[in-house]
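For the sequence shown, the numbering used here assigns the number 83 to the initial residue and increments by one for each residue that follows.
Backbone N, C-alpha and C fix where the C-beta goes; we use that ideal spot for every residue, glycine too.
In this text, all values refer to a predicted model and were calculated from it rather than measured experimentally.
Read the structure below first, then the notes.
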Amino acid sequence: MADCLFCSIIAGTTPAQIVLETPEIVGFLDIRPVFKGHTLIVPREHVPTMVEMTDELLVPLFGMARSVASAVRTAFDAQGSFVAVNNVVSQSVPHLHVHVVPRTKGDGLRGFFWPRTKYADDSEAAEYAGKLKAALAGQ
(Lines of atoms letter the chains of each structure in order from A; the text may use other names.)
(Lines give C-alpha, C1' and ligand atoms only; values in the text may rest on other atoms or scores of the structure.)
Protein backbone atom coordinates (compact mmCIF):
# COMPACT_ATOMS: atom_id res chain seq x y z
CA MET A 83 0.00 0.00 0.00
CA ALA A 84 1.59 3.24 -1.19
CA ASP A 85 0.77 5.45 1.81
CA CYS A 86 1.55 2.89 4.55
CA LEU A 87 4.71 3.57 6.55
CA PHE A 88 5.29 -0.11 7.31
CA CYS A 89 4.80 -1.12 3.66
CA SER A 90 7.41 1.52 2.82
CA ILE A 91 9.82 0.02 5.37
CA ILE A 92 9.18 -3.47 3.97
CA ALA A 93 9.82 -2.17 0.43
CA GLY A 94 13.08 -0.58 1.58
CA THR A 95 12.07 2.96 0.69
CA THR A 96 11.91 4.12 4.32
CA PRO A 97 14.96 3.31 6.45
CA ALA A 98 14.57 1.13 9.53
CA GLN A 99 16.70 -1.03 11.77
CA ILE A 100 15.62 -4.42 10.41
CA VAL A 101 16.31 -7.27 12.83
CA LEU A 102 14.70 -10.16 10.94
CA GLU A 103 13.17 -11.04 7.61
CA THR A 104 11.36 -14.12 6.35
CA PRO A 105 9.26 -14.53 3.21
CA GLU A 106 6.13 -13.59 5.23
CA ILE A 107 7.38 -11.41 8.11
CA VAL A 108 9.67 -8.43 8.82
CA GLY A 109 10.81 -7.24 12.24
CA PHE A 110 12.35 -3.84 12.96
CA LEU A 111 13.04 -1.57 15.91
CA ASP A 112 10.31 0.88 16.89
CA ILE A 113 11.67 4.41 16.33
CA ARG A 114 9.94 5.56 19.53
CA PRO A 115 10.55 2.58 21.82
CA VAL A 116 8.94 2.06 25.19
CA PHE A 117 12.33 0.60 26.15
CA LYS A 118 15.33 0.27 23.87
CA GLY A 119 15.11 -2.94 21.86
CA HIS A 120 11.31 -2.55 21.41
CA THR A 121 10.62 -4.42 18.18
CA LEU A 122 7.68 -4.44 15.76
CA ILE A 123 6.84 -7.68 13.96
CA VAL A 124 4.78 -7.12 10.79
CA PRO A 125 3.48 -9.21 7.90
CA ARG A 126 4.95 -8.27 4.51
CA GLU A 127 1.42 -8.32 3.15
CA HIS A 128 -0.55 -5.20 4.04
CA VAL A 129 -3.08 -6.32 6.67
CA PRO A 130 -4.74 -3.46 8.59
CA THR A 131 -5.57 -5.28 11.85
CA MET A 132 -5.60 -8.71 13.43
CA VAL A 133 -9.24 -9.08 12.39
CA GLU A 134 -8.25 -9.13 8.69
CA MET A 135 -5.29 -11.49 9.20
CA THR A 136 -5.50 -14.82 7.38
CA ASP A 137 -5.01 -18.11 9.16
CA GLU A 138 -1.89 -18.63 7.02
CA LEU A 139 -0.22 -15.59 8.63
CA LEU A 140 -1.03 -16.58 12.21
CA VAL A 141 1.82 -19.03 12.75
CA PRO A 142 4.58 -17.05 10.99
CA LEU A 143 3.61 -13.78 12.70
CA PHE A 144 3.23 -15.07 16.23
CA GLY A 145 6.01 -17.61 15.82
CA MET A 146 8.37 -14.74 15.06
CA ALA A 147 6.95 -12.70 17.95
CA ARG A 148 7.71 -15.67 20.22
CA SER A 149 11.28 -15.86 18.86
CA VAL A 150 11.84 -12.15 19.43
CA ALA A 151 10.33 -12.36 22.94
CA SER A 152 12.92 -15.02 23.73
CA ALA A 153 15.77 -13.17 22.01
CA VAL A 154 15.28 -9.88 23.88
CA ARG A 155 16.12 -11.69 27.12
CA THR A 156 19.50 -12.69 25.72
CA ALA A 157 20.18 -9.52 23.73
CA PHE A 158 19.32 -7.02 26.46
CA ASP A 159 19.53 -8.99 29.73
CA ALA A 160 15.77 -8.56 30.05
CA GLN A 161 13.85 -10.75 32.48
CA GLY A 162 10.92 -11.00 30.10
CA SER A 163 8.88 -9.06 27.61
CA PHE A 164 5.59 -7.33 27.01
CA VAL A 165 3.89 -8.50 23.81
CA ALA A 166 0.92 -6.56 22.45
CA VAL A 167 -1.23 -5.90 19.41
CA ASN A 168 -3.45 -2.84 19.04
CA ASN A 169 -6.42 -2.98 16.69
CA VAL A 170 -7.51 0.47 15.45
CA VAL A 171 -7.52 2.20 18.87
CA SER A 172 -3.94 3.21 19.75
CA GLN A 173 -2.75 1.74 16.44
CA SER A 174 -0.67 4.61 15.05
CA VAL A 175 0.08 2.79 11.79
CA PRO A 176 -2.86 0.90 10.23
CA HIS A 177 -0.73 -2.16 9.36
CA LEU A 178 -0.92 -5.15 11.69
CA HIS A 179 2.07 -5.20 14.03
CA VAL A 180 3.06 -7.03 17.18
CA HIS A 181 5.01 -5.05 19.77
CA VAL A 182 7.72 -6.97 21.64
CA VAL A 183 9.08 -4.83 24.46
CA PRO A 184 11.97 -5.99 26.68
CA ARG A 185 11.04 -5.88 30.38
CA THR A 186 12.80 -6.06 33.72
CA LYS A 187 11.30 -5.96 37.19
CA GLY A 188 11.07 -2.37 38.38
CA ASP A 189 11.40 -0.87 34.89
CA GLY A 190 8.57 1.55 35.62
CA LEU A 191 6.06 0.35 33.03
CA ARG A 192 2.59 0.41 34.56
CA GLY A 193 -0.58 -0.82 32.91
CA PHE A 194 -1.08 0.44 29.41
CA PHE A 195 0.69 3.78 29.78
CA TRP A 196 3.68 3.53 27.46
CA PRO A 197 6.19 6.30 28.04
CA ARG A 198 8.44 6.63 24.99
CA THR A 199 12.15 7.21 24.69
CA LYS A 200 14.54 7.77 21.77
CA TYR A 201 17.77 6.26 20.57
CA ALA A 202 20.64 8.72 20.94
CA ASP A 203 21.39 8.38 17.22
CA ASP A 204 21.34 5.92 14.32
CA SER A 205 24.51 4.30 15.64
CA GLU A 206 22.88 3.41 18.96
CA ALA A 207 19.80 2.07 17.15
CA ALA A 208 22.07 -0.03 14.92
CA GLU A 209 23.84 -1.38 18.01
CA TYR A 210 20.51 -2.52 19.52
CA ALA A 211 19.45 -4.02 16.18
CA GLY A 212 22.76 -5.89 15.95
CA LYS A 213 22.38 -7.37 19.43
CA LEU A 214 18.89 -8.60 18.65
CA LYS A 215 19.98 -10.02 15.27
CA ALA A 216 22.76 -11.95 17.01
CA ALA A 217 20.37 -13.31 19.63
CA LEU A 218 17.88 -14.35 16.93
CA ALA A 219 20.65 -16.06 14.96
CA GLY A 220 21.63 -18.00 18.08
CA GLN A 221 18.17 -19.52 18.55
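Return helix, strand or coil for residue i, following the three-state DSSP convention.
i, result
"GLY188", "coil"
"VAL175", "coil"
"PRO142", "helix"
"GLY162", "strand"
"VAL154", "helix"
"VAL133", "helix"
Let's test the definition: count the other Cβ atoms within 10 Å of the Cβ of residue i and tell me whether it reaches 16, buried, or not, exposed.
i, result
"LYS118", "buried"
"ALA93", "exposed"
"GLN99", "buried"
"ALA219", "exposed"
"ARG185", "buried"
"LEU140", "exposed"
"VAL170", "exposed"
"SER163", "buried"
"ALA84", "exposed"
"VAL133", "exposed"
"ALA216", "exposed"
Below 8 Å on the Cβ atoms is my guess for residue i versus residue j; work out the distance and round it to an integer in Å.
i, j, result
"HIS81", "PRO130", "Because residue 81 is not part of the residues shown, which for the chain are 83 to 221, the question remains open."
"HIS120", "CYS86", "With a Cβ gap of about 20 Å, HIS120 and CYS86 do not count as contacting."
"LYS213", "ALA157", "4 Å"
"VAL167", "ALA160", "Between ALA160 and VAL167 the Cβ distance is about 19 Å, and since that is not below 8 Å, they are no contact."
"SER152", "GLN221", "6 Å"
"VAL116", "ARG198", "6 Å"
Item to complete: State whether the region 205-213 contacts the region 123-134, with contact taken as three or more CB pairs (one from each stretch) at a distance under 8 Å.
Response: no
Item to complete: Taking 8 Å as the threshold, find out whether the region 176-193 comes into contact with the region 112-119 through three or more Cβ pairs.
Response: yes
Worksheet item: Which runs of the beta strand (DSSP E) fall wholly inside the region 92-123 and span at least 3 residues, in chain order?
Response: 100-103 and 107-111
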